[in-house]
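> In the working numbering, the protein residues as written are 99 to 486. Have a look at the structure that comes next, please.
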Amino acid sequence: MEKGSESTDVVIKLHRTKKFSVFIATCSSILTSQQSSSSDQQLKRKRIEKSPSSPSEEFTSRKESKWLSDQLAAATNGIQNINLSSQIVKDVLEEHLVKSRQLRAEQLQDSLLKGAMSVDTVIEKLGNLAREEVLHFDTNLFQLKSAFSSMLFENRDEDYIKQYIATAGSEIKDLKLEHLHEWVHGDKGQKKDRAEKLAFLSPMLNQERRAIFQRCYDNFVLSFILPSVEATLPITSRTGEHFYQAFPCTRVIRPGEFSLGPHSDCNYGFQAGNVNFYLPLVTIGGSNSLAIESTPGREDWHFLVLKYGEIQRFWGAMCTHFTPENTTNETRVSFDFRVIPGIVFERKDRYSETPGYYLRATLGSDGTWTRHDPIPNPDWRCGFPFVK
Ligand SMILES: [Fe+2]
């Protein structure tokens, strides 16, 4: 889409409507103070930089590709620590952002017409929960990495998996997941071309194997995430009832792969009350991470810089986010899932109006959270490998 096109005009008109302007202003005001902490995070961990002295043909040849990941890699020569503030990156992003902005505005209008809660109301109810924040959890108490590795690696017969396990010494939980691509690298990981990745993740499709991880995840959400959500909400929004994603989206992104173009989750039909949690099982940053904006429309891009034991909360329903090509030499393994506080939950979209995606939990008088829905088999809404 070219600048100044009809679609761009639509976006501008929508931005100029009073409600949307107030909404953007409200978000910016609430989240301004978050900027310094994001910068601190960026500085917190320096990654080894791959910085070729001259443009490499490997990357420059992708300049004409229609994909953002190719265009970004070409524009930055495959650098790991992409400077998201640079003009060259902004220029590459713009074409893709035009579409994302337009879709977000259209989705907001559409959901309002269907009687959904306005975004102004949602942001008021969410309060500080709409601000990004890094939470820290006890990896001895919540052994998500160990449960994930057990689900995927225990009792497998494939030679390449046995070789991979051998690198861990005696304990599967000690496997270096960031080295996964050294053993699983035969396919491209793109749609219709990821048979090997599907075979590798196939234990997730087995209910018995999946249960190892599912129990751990469910306990983590009920014991750690929901108490944090409740405590962060404004007092008037604390209803003691929340809805959380039944099974997290799983990302296994090897060097050379990418997963997401710029979008807000509402572009895909998620309701505005969704708050995202991003949990890596390896250290992530730069091109091996997710780039987000701090508030809808602000476009102050920054990469999540996290290690295992940290989890990033951000308002993914409304804040645009994307991933470039992973140009590092490490595989990213991460989970992300969504929580909707009861105060803003509505059954008005394809994720919530049919069972299976969100589970309902309530707070008891003893201070613990209890799930009320049975755990379903994950469906296409949880992404790969549940949808091929
Ligand atoms: Fe998303």
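Note that beta-carbon positions come from the ideal geometry of N, C-alpha and C, so glycine has one too. Every value quoted in this text rests on a predicted model; they were computed, and no experiment measured them.
Classify Ala293: buried if its beta carbon has 16 or more other beta carbons within 10 angstroms, exposed otherwise.
exposed
> Going by DSSP in three states, Val232 sits in which element: helix, strand or coil?
strand
> Measure the Cβ-Cβ separation of Leu457 and Gly338 and say whether it is below 8 Å.
no
> Could you check the C-alpha separation between Glu252 and Leu242 for me, to the nearest Å?
15 Å
> Checking the sheet assignment: what are the DSSP bridge partners for Cys347?
In the DSSP assignment, Cys347 forms a beta bridge with Asp434.
> Would you check whether ligand 1 has a heavy atom nearer than 7 Å to the C-beta of Leu457?
no
> Within a Cβ cutoff of 6 Å, which residues of the same chain sit near Pro360, ignoring the five residues on either side of it in sequence?
His194, Leu195, Ser198, Thr418, Phe420
> Please look up how many angstroms separate the CB atoms of Asn372 and Gly440, rounded, as I've assumed it's under 8 Å.
Going by Cβ atoms, the distance from Asn372 to Gly440 rounds to 13 Å, so no, they are not a contact pair.
> Is His419 near ligand 1, going by C-beta to nearest heavy atom under 7 Å?
yes
> In the DSSP assignment, find the alpha helix (DSSP H) that holds Thr460 and state where it starts and stops.
Per DSSP, Thr460 belongs to no alpha helix (DSSP H); it is in the beta strand (DSSP E), 456-461.
> Would you kindly work out how many angstroms separate the C-alpha atoms of Glu83 and Lys405, rounded to a whole number?
Residue coverage of the chain in this structure runs from 99 to 486, which leaves residue 83 outside it and unanswerable.
> Taking C-beta to C-beta, are Asn374 and Arg436 nearer than 8 Å?
yes
> Is the distance from the Cβ of Val187 to the Cβ of Ile177 below 8 Å?
Taking 8 Å as the cut-off, the Cβ atoms of Val187 and Ile177 do not count as close.
> When we look at the beta-carbon of Leu468 and count the other beta-carbons within 10 Å, is it buried (16 or more) or exposed?
It should be noted that the sequence gives Thr, not Leu, for residue 468. Classification for Thr468: exposed.
> Please check if any C-beta of chain D sits within less than 8 Å of the C-beta of Phe484.
Although the question refers to chain D, the structure presented lacks it and comprises just one protein chain.
> Nearest by alpha-carbon distance to Arg448: which of Glu256, Arg430, Asp363 is it?
Asp363
> Specify, as a first and last residue, the run of the beta strand (DSSP E) that Val373 falls within.
Run containing Val373: 373-378, per the beta strand (DSSP E) assignment.
> Identify whether Gln178 lies in helix, strand or coil by the three-state DSSP scheme.
Three-state result, Gln178: coil.
> Using 8 Å as the cut-off, can you tell me whether the region 308-325 makes contact with the region 210-224, which would need three or more C-beta pairs spanning the two stretches below that distance?
no
> Would you kindly report the start and end of the unbroken beta strand (DSSP E) that includes Gln312?
From DSSP, Gln312 is part of no beta strand (DSSP E) but of the alpha helix (DSSP H) over 305-318.
> Which term fits Asp189, buried or exposed, when burial requires 16 or more other beta carbons within 10 angstroms of its beta carbon?
Around the C-beta of Asp189, fewer than 16 other C-beta atoms lie within 10 Å, and the residue is accordingly described as exposed.
> Could you spell out where the alpha helix (DSSP H) holding Glu222 opens and where it closes?
217-224
> Keeping to the same chain, check which residues put their C-beta closer than 6 Å to that of Arg411; ignore five residues upstream and five downstream.
Glu231, Phe375
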